[in-house]
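Chains as they are written, first to last, in our numbering: chain H, 302 to 412; chain F, 539 to 651.
For each residue, glycine too, the CB sits at the ideal point set by N, CA and C.
Contents: one structure, followed by commentary.
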Amino acid sequence: KQEVTQIPAALSVPEGENLVLNCSFTDSAIYNLQWFRQDPGKGLTSLLLIQSSQREQTSGRLNASLDKSSGRSTLYIAASQPGDSATYLCAVSNSGYALNFGKGTSLLVTP
Amino acid sequence: DAGITQSPRHKVTETGTPVTLRCHQTENHRYMYWYRQDPGHGLRLIHYSYGVKDTDKGEVSDGYSVSRSKTEDFLLTLESATSSQTSVYFCAISESWRNQPQHFGDGTRLSIL
């Protein structure tokens, strides 16, 4: 069974810092990996999707990398802002339909 | 934002009563999903649909049933609610099961007393 782990569970940084969120998974036979953002009381917002054949994806200040062989992905956030404060979730797709989620990293960016 | 509406947004009910949650989409996506989110467990798939009248079970399907009679609507039913089904329920949609992102609704907070 796929296990997805996110480290750290919580992170607090001052505004302007670059930061890295980590995601690891146990079964490397994945179709894709997705990063989501969840604000309190809200649903998930899709940030980036990396296909298994890709090494990275970029969107604005966000860059996600994928190393399938080692079972790792990182989400890099450049020049963090207070509006980036949220929980970030990593999810992998093994069998196509289901996403296997990590428990998330709670990020607080302080002014 | 993807056009996904979940109803109701909040519900409190008693053990043993039937409950139906509705997910409505305006994107005409083929695939729809129901997840539950619980502290300590994260998000887990309950059921999914790959077309009208085509559904299948996810990881935590016991005690739940689903129906999809129209592309835009996906219903989740708890036939006889139990306290262990207290959770936040999310609906998601995607154009394809492979290499297309899933887009989520804002969730339904369900409390079963």
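- CB contact check: phenylalanine 326 (chain H) to chain B, cutoff 8 angstroms: No chain B is present in this structure, whose protein chains are H and F.
- Task: Per DSSP, which residues does tryptophan 336 (chain H) bridge with? Please list them.
- Result: By 1-based counting over the first sequence, the position of residue 336 (chain H) is 35. Answer is H:Leu349 and H:Cys391, bridged to tryptophan 336 (chain H).
- Query: Just how far apart, CA to CA, sit leucine 613 (chain F) and arginine 574 (chain F)?
  - Reply: Here residue 613 (chain F) is taken as the residue at index 75 of the second sequence, counted from 1. Here residue 574 (chain F) is taken as the residue at index 36 of the second sequence, counted from 1. Roughly 14 angstroms separates the two Cα atoms.
- Selected residue, minimal CA-CA separation from isoleucine 650 (chain F), among F:Gln640, F:Thr553 and F:Pro546: The count along the second sequence starts at 1 and reaches residue 650 (chain F) at position 112. Considering only alpha carbons, the answer is F:Thr553.
- Message: Judging by CA-CA distance, which residue of F:Ser622, F:Arg647, F:Gly578 and F:Ser603 is the nearest neighbour of lysine 591 (chain F)?
- Response: Sequence index remark: in the second sequence, residue 591 (chain F) carries index 53 (1-based). Comparing C-alpha distances from lysine 591 (chain F) to each of F:Ser622, F:Arg647, F:Gly578 and F:Ser603 shows the shortest one belongs to F:Ser603.
- Message: Counting only beta-carbon separations shorter than 8 angstroms, does tyrosine 332 (chain H) have a partner in chain F?
- Response: Sequence index remark: in the first sequence, residue 332 (chain H) carries index 31 (1-based). Yes, contact with chain F.
- What residues of chain H sit near proline 639 (chain F), judged by a beta carbon separation below 8 angstroms? Sequence index remark: in the second sequence, residue 639 (chain F) carries index 101 (1-based). Residues of chain H passing the Cβ test: Gln335, Ser347 and Leu350.
- Measure the alpha-carbon distance for alanine 387 (chain H) versus arginine 636 (chain F) and round it to whole angstroms. Against the first sequence, residue 387 (chain H) aligns to sequence position 86. Against the second sequence, residue 636 (chain F) aligns to sequence position 98. Note on geometry: alpha-carbon atoms of alanine 387 (chain H) and arginine 636 (chain F) lie some 27 angstroms from one another.
- Item | Span separating the alpha-carbon of cysteine 324 (chain H) from that of alanine 630 (chain F) | Indexing the first sequence from 1 puts residue 324 (chain H) at position 23. Indexing the second sequence from 1 puts residue 630 (chain F) at position 92. Using only the alpha carbons, I get a separation of about 22 angstroms.
- CB contact check: tyrosine 627 (chain F) to chain H, cutoff 8 angstroms: Position 89 of the second sequence, counting from 1, holds the residue named residue 627 (chain F). No, because no Cβ of chain H sits closer than 8 angstroms to the Cβ of tyrosine 627 (chain F).
- Exposed or buried, what is asparagine 333 (chain H) when buried is set at 16 or more other beta-carbons lying within 10 Å of its beta-carbon? Taking the first sequence and counting its residues from 1, one reaches residue 333 (chain H) at position 32. Flag for asparagine 333 (chain H) reads buried.
- Message: Can you give me the C-alpha to C-alpha distance between leucine 583 (chain F) and glutamate 597 (chain F), rounded to a whole angstrom?
- Response: One-based indexing of the second sequence puts residue 583 (chain F) at position 45. One-based indexing of the second sequence puts residue 597 (chain F) at position 59. So the two alpha carbons sit approximately 6 angstroms from each other.
- Item | Residues that serine 621 (chain F) bridges to, as DSSP identifies them | As a first step, residue 621 (chain F) must be located in the second sequence, where it is residue number 83. Serine 621 (chain F) has no beta-bridge partner at all, per DSSP.
- Query: For chain H, is any of its Cβ atoms less than 8 angstroms away from the one on glycine 589 (chain F)?
  - Reply: In the second sequence, residue 589 (chain F) corresponds to position 51, counting from 1. By this cut-off, glycine 589 (chain F) is not an interface position.
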